[in-house]
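Residues in the sequence shown are numbered consecutively from 348, following this note's numbering. Where is the CB? At the ideal position from N, CA and C, for every residue including glycine. Remember, predicted model here, so these are calculated numbers, not experimental data.
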Amino acid sequence: MIRNMNVELSIVSPVYNEAEGLAEFVRRIHAVVTPLGVGWELVLVNDGSRDVSLQVATELAAAYLNVRIVSFSRNFGHEAASTAGLRYARGKAVVLIDSDLQDPPEVIPQMVAKWREGFQIVYGVRSKRHEETGLKRATSWLFYRLMRRLAKIDLPRDTGDFRLMDRRVVDAFNSLPERSRFVRGLICWTGFRAVGVEFVRAPRFAGKTKYNYAKLVRLAIDSLTGFTTAPLKLATWLGMLIGFAALAWIVVVLFQFFFWKTPNGEPYRPAGFTFIAIAVLLLGGAQIFLIGLVGEYLARTYEQVQGRPLYIVDSLVGFADTKAVGGANGGLLPGSE
348 MIRNMNVELS
358 IVSPVYNEAE
368 GLAEFVRRIH
378 AVVTPLGVGW
388 ELVLVNDGSR
398 DVSLQVATEL
408 AAAYLNVRIV
418 SFSRNFGHEA
428 ASTAGLRYAR
438 GKAVVLIDSD
448 LQDPPEVIPQ
458 MVAKWREGFQ
468 IVYGVRSKRH
478 EETGLKRATS
488 WLFYRLMRRL
498 AKIDLPRDTG
508 DFRLMDRRVV
518 DAFNSLPERS
528 RFVRGLICWT
538 GFRAVGVEFV
548 RAPRFAGKTK
558 YNYAKLVRLA
568 IDSLTGFTTA
578 PLKLATWLGM
588 LIGFAALAWI
598 VVVLFQFFFW
608 KTPNGEPYRP
618 AGFTFIAIAV
628 LLLGGAQIFL
638 IGLVGEYLAR
648 TYEQVQGRPL
658 YIVDSLVGFA
668 DTKAVGGANG
678 GLLPGSE
């Protein structure tokens with residue numbers, strides 16, 4: 348059966364262990380988008396959920412003809428799920444939104460209105476965040492400002508993946524070959540005309556966040572190494588800084604050796620082993636840090652050269668009129684729907 352061939356608006360949402368709140372998410376999407384009076388679809392990307400999310404999504408697809416499902420063979424990560432959803436979306440405009448209801452679907456009509464005004468990217472700006480720790484807010488503040496200063500992209504502050512994109516933006520994004528993907532950064536990199544819409548970020552409707560600090564650090568490293576070579580230049584600057592510090596230290600030691608005296612009037616003799624130990628630790632730490640940075644860039648190159656798909660699609664629901672997409676960066680297993 349062919350569903351909604353004339354699709355003006357696509358909504359893409361990665362799903363990972365969201366069984367408890369998925370029905371409410373789909374209900375709210377349906378309630379918000381239907382009054383817009385346009386052909387639309389909701390593409391749920393099951394990122395290898397370990398709960399019954401796929402079962403719930405399949406039942407919802409049977410109840411709502413607008414719902415389509417892309418299901419991975421295993422968990423490939425949020426960025427891969429977002430990428431797959433954007434590749435399968437058919438709308439003239441595409442909204443990327445998480446299914447945990449922290450990003451309110453009720454903002455979508457405002458985004459559509461801005462799109463109709465001529466903006467090609469409409470991103471959600473978090474004016475307030477509920478249930479976020481001070482550490483999370485501080486690290487987020489630091490991350491966005493580092494990205495804006497170091498990277499070659501104008502990444503808006505206090506934004507996430509929640510945004511609307513024109514078809515031209517989506518097509519440009521889909522043509523990018525990177526494996527280590529930072530979706531919001533790649534979208535900003537395309538450079539199309541953008542505007543923000545403010546909203547209040549709500550608490551999760553159900554369940555727990557899937558992004559722990561380890562995953563957030565990994566995402567930050569991928570984003571920085573994917574958009575700037577500035578960390579590599581730290582080697583030069585850090586080497587110069589250590590060199591100047593060493594020269595200054597030598598001057599201090601020589602001054603102490605020739606001019607300082609102990610309370611007994613004897614010449615002052617600095618303890619040599621102390622300076623040697625500190626110097627070794629300082630230089631050793633700097634070298635290990637910089638080798639790690641170089642390793643990050645080499646690892647990205649290695650993964651890119653391997654040419655493995657970014658994700659593997661196990662099954663499709665509601666895509667009888669659509670062929671599997673992805674090419675070198677995504678694929679469909681034989682025997683899938």
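Review point. Can you pull the DSSP bridge partners for E388?
Key: Here the question's residue 388 lines up with position 41 in the sequence shown. DSSP lists S357 as partners of E388.
Practice item. Rank H425, I455, Q402, S446 by C-alpha distance to the C-alpha of L356 and give the top, closest one. Key: In the sequence shown, residue 356 corresponds to position 9, counting from 1. Among H425, I455, Q402, S446, the Cα nearest to that of L356 belongs to I455.
Check your understanding: Which one or two residues does DSSP pair with K439 in a beta bridge?
Key -> What you label residue 439 is simply residue 92 of the sequence shown in a count that begins at 1. Answer is none; K439 lacks a bridge partner.
Review point. Using a Cβ-Cβ cut-off of 7 Å (strictly less than) and excluding sequence neighbours within five positions of Q653, which residues of its own chain qualify?
Key: What you label residue 653 is simply residue 306 of the sequence shown in a count that begins at 1. Correct list: empty, nothing qualifies.
Check your understanding: Hey, V544 and G631 are a contact pair by Cβ (cut 8 Å); roughly how many whole angstroms apart?
Key -> To locate residue 544, count along the sequence shown from 1; it is residue 197. To locate residue 631, count along the sequence shown from 1; it is residue 284. V544 to G631, Cβ: 49 Å. No contact.
Review point. With distances taken from CA atoms, which of L629, R463, R510 is nearest R473?
Key: Reading the sequence shown from its first residue, position 126 is the one you call residue 473. Ranking L629, R463, R510 by Cα distance to R473 puts R510 first.
Exercise for review: Using beta-carbon positions only, say whether N295 and S400 come within less than 9 Å of one another.
Suggested key: The displayed coordinates of the chain run from 348 to 684. Any statement about residue 295 would go beyond what the structure contains.
Practice item. Would you kindly report the start and end of the unbroken beta strand (DSSP E) that includes F509? Key: One-based indexing of the sequence shown puts residue 509 at position 162. Taken as a continuous stretch (DSSP letters only), the beta strand (DSSP E) holding F509 covers 506-513.
**Study point:** Among V598, R647, V362, nearest to L443 - alpha-carbon criterion
**Key:** Residue numbering aside, residue 443 sits at position 96 when the sequence shown is read from its first letter. Checked all of V598, R647, V362; the closest Cα to L443 is V362.
Review point. Between which two residues does the beta strand (DSSP E) harbouring A541 extend?
Key: Taking the first residue of the sequence shown as position 1, residue 541 is located at position 194. 541-548 is the extent of the beta strand (DSSP E) around A541.
Check your understanding: Using DSSP with H/G/I as helix, E/B as strand and the rest coil, what is N364?
Key -> In the sequence shown, counting from the first residue as 1, residue 364 sits at position 17. The answer is coil: DSSP assigns N364 none of H, G, I, E or B.
Check your understanding: Which word fits D518, buried or exposed, when buried means at least 16 other C-beta atoms lie within 10 angstroms of its C-beta?
Key -> What you label residue 518 is simply residue 171 of the sequence shown in a count that begins at 1. The residue in question, D518, is exposed, as its Cβ has fewer than 16 Cβ neighbours within 10 Å.
Check your understanding: What's the call for A607, buried or exposed, on a 16-neighbour Cβ count within 10 Å?
Key -> Walking along the sequence shown from the start, residue 607 turns up at place 260. Here residue 607 is Trp; the residue named in the question, Ala, does not match the sequence. When all chains shown are included, W607 counts as exposed.
Check your understanding: In three-state DSSP terms, what is V517?
Key -> Counting from one through the sequence shown, the residue named residue 517 turns up at place 170. It is helical.
Exercise for review: Out of V403, R655, E650, L645, point me to the one whose CA is closest to V373's CA.
Suggested key: Mapped onto the sequence shown, residue 373 falls at position 26. Closest by alpha carbon: V403.
Review point. I416 by DSSP, collapsed to three states: which one?
Key: The residue labelled residue 416 in the question sits at position 69 within the sequence shown. Looking at I416 - three-state DSSP - the assignment turns out to be strand.
**Study point:** Exposed unless 16 or more other CB atoms sit within 10 angstroms - verdict on V641
**Key:** Against the sequence shown, residue 641 aligns to sequence position 294. Exposed, by the Cβ-count rule.
Practice item. Taking R528 as the reference, give the member of L407, A667, A431, A366 with the closest Cα. Key: Counting from one through the sequence shown, the residue named residue 528 turns up at place 181. Comparing Cα positions, the closest option is A431.
Point to revise | Residue span of the beta strand (DSSP E) that contains L663, given as start and end | key: Taking the sequence shown and counting its residues from 1, the one referred to as residue 663 is at position 316. Here the beta strand (DSSP E) through L663 covers 659-664.
Review point. What's the C-alpha gap between A675 and P524?
Key: As a position in the sequence shown, residue 675 is number 328, starting the count at 1. As a position in the sequence shown, residue 524 is number 177, starting the count at 1. Per-residue confidence for A675 stands at a pLDDT of 42, beneath the threshold of 50, marking its modelled position as unreliable; no derived number is given.
Exercise for review: Pick helix, strand or coil for G538, following the three-state DSSP scheme.
Suggested key: For this step, residue 538 is matched to residue 191 along the sequence shown. It is coil, neither helix nor strand.
Review point. Leaving out five residues before and five after P610 in sequence, what residues of the same chain have Cβ atoms less than 6 Å from its Cβ?
Key: Here residue 610 refers to the residue found at position 263 when the sequence shown is read from its first residue. Taken in chain order, the list of residues that qualify is empty.
Point to revise | CA nearest to the CA of P382, picked from G507, E453, V547 | key: The residue you call residue 382 lines up with position 35 of the sequence shown. Of the listed residues, the one whose Cα sits closest to P382 is E453.
Practice item. Go ahead and pull the three-state DSSP assignment for I638. Key: The residue given as residue 638 occupies position 291 in the sequence shown. Three-state DSSP puts I638 in a helix.
Review point. Is it true that the CB of A428 sits closer than 9 Å to the CB of E388?
Key: Here residue 388 corresponds to residue number 41 of the sequence shown, with the count starting at 1. Here residue 428 corresponds to residue number 81 of the sequence shown, with the count starting at 1. Going by C-beta atoms, E388 is not nearer than 9 Å to A428.
**Study point:** Straight-line gap, Q449 to V547 (C-alpha atoms, nearest Å)
**Key:** On the sequence shown, residue 449 is found 102 positions in, with the first residue counted as 1. On the sequence shown, residue 547 is found 200 positions in, with the first residue counted as 1. Roughly 9 Å separates the two Cα atoms.
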